[in-house]
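Participant: The sequence shown: position 156 = 948 (my numbering), numbered continuously. Here it is: the structure, laid out below.
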Amino acid sequence: MDLSILLGEKIIGLALMGGVGYIIVKMGLLRAADSRPLSTVNIFILMPCMLVNAFQIDYTGSMIKGLALGVVVSIAIHIIMILLVYLIRKPLNLNSVEQASVIYSNAGNLVIPLVQSVLGPKWVLYTCPYIVVQAFFVWTHGKAMICHENKFDIKKVLLNPNIIAIFVGIILFFTRIKLPMIIGDVVTGFGNVVGPISMLVIGMLMGEVDIKWLFTRKRPYFVSFIRLIFLPLAVIVLMKISGIAMLHPEADQILMIVLMSAMAPIATMVTQIAQVYGGDATYAGALNVMSVLFCIVTMPAMLLFYTWLMAL
């Protein structure tokens, strides 16, 4: 099936989830501010479960090499994006929410079903490196940026439930320990609702936003351009120049999966961190909505460019 159609179907599903939150607020059943407890639950309970569950997989030696490639490339992409945004933030007057929005993408909720449909179920495994690497960067660099924290508190970082979940997941992965069925079902169940809850929160926040204001302002279009076109193009060109595709027999597919994560729309986590820690959650939610709409066109275009460039 054409990638644009798959994207369209997935985004319609996300829009319907967000629409429920939007309608609830418009009907007066809840206020936008009432979504904050949902963000708290999502950040500190559901997301850690999703991260632990990502490591509950069987693997072979070849898979380990592929996952290692995915981790290295994912780390490199985040460092490159952070450096590029650091260089352009002052000339382009990017505030903290805008900076976080262009760096961090919706790597899980949107990309996993796309990979399963486009490449097949066996490739879903390779979405994990980017998700886990991004979670680490979000809760170290991203949170500090959004919350304007000048000091790096290593204790707070290490005690964050999401960072703990990553370390627990890694230990379980390399020791091949599987969670007991009852606990595993609970962890999987909680992890599976991260996407719906995230979209519900954004929908509720949008319930108090003037939609006309969103689409008539130039800034959201500009931020979406950086997130969906400028940074992915830079990553694709650097992938080609580096010759990294020669490091693994299935590198083309693995790099494509990592790239799909890097070119996805703005992460819902940016909105939720802003909401829980006192940032501009409404603006972050508006940027998210705009980027989700545009990615129907930009993601297929970026993948076509990647395929063409890598074939040269």
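We put the CB at the ideal spot given by N, CA and C, even for glycine.
With a threshold of 8 angstroms, are at least 3 pairs of Cβ atoms found where one atom belongs to the segment 889-909 and the other to the segment 1018-1025?
Facilitator: They touch, by the three-pair rule.
Participant: Do the segment 839-849 and the segment 1021-1034 meet, that is, are 3 or more Cβ pairs less than 8 angstroms apart?
Facilitator: No: the two stretches stay apart, fewer than three of their Cβ pairs being nearer than 8 angstroms.
Participant: Quick check: the Cα distance between residue 974 and residue 911, rounded to an integer number of angstroms?
Facilitator: Distance between the alpha carbons of residue 974 and residue 911 is about 31 angstroms.
Participant: On the three-state DSSP scale, how would you describe residue 1058?
Facilitator: In this structure, residue 1058 counts as strand in the three-state DSSP scheme.
Participant: Of all the options 1011, 915, 1097, which has the alpha carbon lying nearest to the alpha carbon of residue 1075?
Facilitator: For residue 1075, the nearest C-alpha among the options comes from 1011.
Participant: Rounded C-beta distance between residue 799 and residue 1087? I'm assuming under 8 angstroms.
Facilitator: Between residue 1087 and residue 799 the Cβ distance is about 7 angstroms, and since that is below 8 angstroms, they are a contact.
Participant: Taking 8 angstroms as the cut-off, does the segment 944-954 touch the segment 964-978 (at least 3 CB pairs, one atom from each stretch)?
Facilitator: The segment 964-978 vs the segment 944-954: no contact.
Participant: Any chance you could list the alpha helix (DSSP H) runs of at least 4 consecutive residues sitting entirely within the segment 828-885, in chain order?
Facilitator: As far as the segment 828-885 is concerned, its whole alpha helix (DSSP H) runs of at least 4 residues are 828-833, 839-846, 853-880.
Participant: For residue 819, which of 1052, 995, 879, 1046 has the nearest alpha-carbon?
Facilitator: Selected option, being the one with the closest Cα: 995.
Participant: Between the C-alpha atoms of residue 861 and residue 851, what's the straight-line distance to the nearest angstrom?
Facilitator: In a straight line, the C-alpha of residue 861 is about 15 angstroms away from that of residue 851.
Participant: Within a Cβ cutoff of 8 angstroms, which residues of the same chain sit near residue 920, ignoring the five residues on either side of it in sequence?
Facilitator: 846, 847, 849, 859, 862.
Participant: Using the Cβ count rule (16 or more neighbours within 10 Å means buried), how would you classify residue 988?
Facilitator: When all chains shown are included, residue 988 counts as buried.
Participant: Are residue 828 and residue 1067 touching if we call contact CB-CB under 7 angstroms?
Facilitator: Taking 7 angstroms as the Cβ cut-off, residue 828 and residue 1067 qualify as a contacting pair.
Participant: Relative to the alpha-carbon of residue 1000, which residue among 802, 814, 1084, 957 has its alpha-carbon at the smallest distance?
Facilitator: Nearest of 802, 814, 1084, 957 to residue 1000, Cα basis: 814.
Participant: From what residue to what residue does the alpha helix (DSSP H) around residue 914 run?
Facilitator: It is not in any alpha helix (DSSP H) - residue 914 carries neither H nor E in the DSSP assignment.
Participant: Once the 5 residues before and after residue 873 are set aside, which same chain residues still bring their CB inside 6 angstroms of it?
Facilitator: Cβ neighbours of residue 873 beyond the five flanking positions: 895, 1023.
Participant: Flag this pair as yes or no: are the beta carbons of residue 992 and residue 1073 separated by less than 7 angstroms?
Facilitator: It is not a contact, given that the beta carbons lie outside the stated cut-off.
Participant: Would you list the one or two residues that DSSP bridges to residue 897?
Facilitator: The partner list for residue 897 (beta bridge, DSSP) reads 1058.
Participant: Distance, Cα to Cα, residue 1043 vs residue 1095?
Facilitator: Cα to Cα, residue 1043 sits roughly 15 angstroms from residue 1095.
Participant: Using only the alpha-carbon positions, how far apart do residue 1036 and residue 1047 sit?
Facilitator: Cα-Cα distance, rounded: 9 angstroms.
Participant: Tell me the residue span of the alpha helix (DSSP H) that contains residue 1024.
Facilitator: From DSSP, the alpha helix (DSSP H) with residue 1024 extends over 1023-1034.
Participant: Would DSSP call residue 948 helix, strand or coil?
Facilitator: If DSSP states are grouped into helix, strand and coil, residue 948 belongs with the helices.
Participant: Within a Cβ cutoff of 8 angstroms, which residues of the same chain sit near residue 833, ignoring the five residues on either side of it in sequence?
Facilitator: For residue 833, where only same-chain residues beyond five positions count, the Cβ hits under 8 angstroms are 989.
Participant: For the alpha helix (DSSP H) containing residue 1011, list its first residue and its last residue.
Facilitator: Counting along the chain, the alpha helix (DSSP H) containing residue 1011 begins and ends at 1010-1017.
Participant: Rounded to whole angstroms, how far is the Cβ of residue 916 from the Cβ of residue 924, which I believe are closer than 8 angstroms?
Facilitator: Not really, about 14 angstroms apart at Cβ, beyond 8 angstroms.
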